[in-house]
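Encoded as structure tokens, the structure appears first; notes follow it.
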Amino acid sequence: MNNAEIIELAHASLINTYGCTPLAFVRGHGAYLYDADGNRYLDFFCGLAVTSLGHGHPRVVRAIKEQAEKLTHVSNVFHTEPMARLASKLDHLFGDGRVFFGNSGAEANEAAIKLARRWGHGDGGRFEIIATLGSFHGRTLGTLSATGQEKYHQGFQPLVPGFKLVPYDDVAAVERALTPQTVAVMVEPIQGEGGVVTPHPDYLVRLRELCDRARLLLIVDEVQVGMGRTGKMFGFQQTGIKPDIITLAKALGGGVPIGAMVAKAEISAVLTPGTHGSTFGGNPIACAAALAVIDALEQDGVMANAAEVGGYMIERLRAIGAAAGNVREVRGQGMIIGAVLTHPAKSVVDACVAERLLVNGTADTVLRLLPPLNLTREEADAGLAIIERALHSSAAAAKAAKASGAA
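Using the working numbering, the first residue of the sequence shown is number 18, and each one after it goes up by one.
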């Protein structure tokens, strides 16, 4: 089937929740994707920060193949070696953590919310969770209620009670919002969907201090920035603090659906048999893939490359933006990068796709880049050259439109 045939077939049967770009991909290799018409695209999107090692990474492919030939599923009524090994690995990476497996970031965050409430239930009945404006924690009703973006709430009210939203990067606002019912604070180290919003370096440090004083749990949503994207295994490690609970998904499975919540042992103890579950959580294939991802991060210099090449891209984008004149700010860390434009990002995204570079627009005016963590300098330059042309083209079009309006 070609692009048009696949797209027509999909649109005939799928619910239209995504507004898909009219492309149908059939294979990938490294930093590149190939569509059904044989065109090659440089991928600076990675399926929304999922394929962080690129496409068809040998470690991940081998792990999936070998595990699929042995065992695909038995349910959590029993044990499997891949699940046991991955839980042990995440336990040690976090430091004396206990792990719950799901299939997505939303499931991981839902588990964190339930754990916080269960913990608070035994500590005076506390249940309220403070989250932040601009955040994105998922699309279940629980995680949607913690998400600080009104556009995602429309049509789904009433939301789940027990959540308060305060400005991001504002510890004083969190403190003002505290009540005797408050049990936890839930934040992202960098707000990805919110526009690659990067807080002050001491934000998580001060939140940790506040949570300690007020006996609150600190939940850090690592779904988008975890697993090496900032140049460290977890985003919170850039600050030197340790949360009470973290959530993982996206890049954890290297392209295979998996989510995980990791919590301090003494907190996780309140979840006892029957209090929570997930049929496919800890699936052997997904866990085998995740173990291969962690091996690559730890043994192949991937995180160092993310920090080095990502830093280079941020500086190059700042120079390109200054010359183009339509970039207000470039922010991010490692391989999560946002260029804040003076106009909607869609025109730049479309121009990049036309030149076969996949990028993403978020928060209306933010061009978001989520390249593979093992992107080479040459691949970075190839993509940046396309972005440079797209930015100059959009700036020229904006000037022409302004001149036309003035006339």
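From the three backbone atoms N, C-alpha and C, an ideal C-beta is built for every residue, glycine too.
Assumed close pair residue i, residue j - CB separation to whole angstroms, cut-off 8 Å
| i | j | result |
| --- | --- | --- |
| residue 350 | residue 264 | Wrong, their Cβ atoms sit about 19 Å apart, outside the cutoff. |
| residue 150 | residue 183 | 7 Å |
| residue 143 | residue 285 | Between residue 285 and residue 143 the Cβ distance is about 17 Å, and since that is not below 8 Å, they are no contact. |
| residue 206 | residue 242 | 5 Å |
| residue 70 | residue 389 | 6 Å |
| residue 133 | residue 236 | 7 Å |
| residue 337 | residue 401 | 7 Å |
| residue 287 | residue 139 | 6 Å |
Residue from the options with nearest C-alpha to residue i
| i | options | result |
| --- | --- | --- |
| residue 54 | 373, 387 and 409 | 373 |
| residue 260 | 364, 110 and 357 | 110 |
| residue 121 | 384, 405, 298 and 370 | 298 |
| residue 276 | 306, 254, 37 and 168 | 306 |
| residue 318 | 393, 179 and 379 | 393 |
| residue 251 | 90, 314 and 173 | 314 |
| residue 185 | 177, 316 and 218 | 218 |
| residue 418 | 376, 391 and 360 | 360 |
| residue 256 | 18, 224 and 179 | 224 |
| residue 413 | 395, 89, 370 and 365 | 365 |
| residue 181 | 280, 198 and 168 | 198 |
| residue 416 | 341, 347 and 354 | 341 |
| residue 304 | 29, 27, 38 and 77 | 77 |
| residue 395 | 409, 422 and 329 | 329 |
| residue 283 | 227, 320 and 135 | 135 |
| residue 168 | 139, 380, 125 and 420 | 380 |
| residue 179 | 137, 216 and 209 | 137 |
| residue 425 | 40, 34 and 281 | Since the first residue shown for the chain is 18 and the last is 424, residue 425 is missing from the structure and cannot be characterised. |
| residue 57 | 44, 64 and 409 | 44 |
| residue 375 | 26, 33 and 37 | 37 |
| residue 193 | 172, 227 and 34 | 227 |
| residue 208 | 174, 21, 345 and 253 | 253 |
| residue 52 | 175, 171, 370 and 421 | 370 |
CB contact flag (residue i, residue j, <8 Å)
| i | j | result |
| --- | --- | --- |
| residue 343 | residue 411 | yes |
| residue 310 | residue 271 | yes |
| residue 382 | residue 399 | no |
| residue 358 | residue 334 | no |
| residue 229 | residue 204 | no |
| residue 302 | residue 84 | yes |
| residue 104 | residue 155 | no |
| residue 162 | residue 211 | no |
| residue 59 | residue 48 | yes |
| residue 195 | residue 231 | yes |
| residue 278 | residue 128 | yes |
| residue 50 | residue 42 | yes |
| residue 327 | residue 352 | yes |
| residue 407 | residue 356 | no |
| residue 130 | residue 165 | no |
| residue 296 | residue 92 | yes |
| residue 273 | residue 233 | no |
| residue 258 | residue 200 | no |
| residue 72 | residue 46 | yes |
| residue 269 | residue 106 | no |
| residue 267 | residue 80 | no |
| residue 177 | residue 220 | no |
| residue 118 | residue 100 | yes |
| residue 249 | residue 113 | no |
| residue 391 | residue 90 | no |
Closer than 7 Å: residue i CB and nearest the ligand ZN heavy atom
| i | result |
| --- | --- |
| residue 189 | As presented, the structure is devoid of all ligands, the ligand ZN included, so that no description of it is given. |
Which runs of the beta strand (DSSP E) spanning at least 3 residues fall entirely within the segment 52-133, listed in chain order? 57-60 and 114-119
Secondary structure, alpha helix (DSSP H): runs of 4+ residues fully inside the segment 184-211: 188-194
Along the chain, which unbroken stretches of the beta strand (DSSP E) at least 3 residues long are found entirely within the segment 326-377? 344-350 and 353-358
Please specify which runs of the alpha helix (DSSP H), each continuous and at least 4 residues long, are wholly inside the segment 300-328, giving them in chain order. 301-316
Go through the segment 213-256 residue by residue and report every complete run of the beta strand (DSSP E) that reaches 3 residues or more, in order. 234-238
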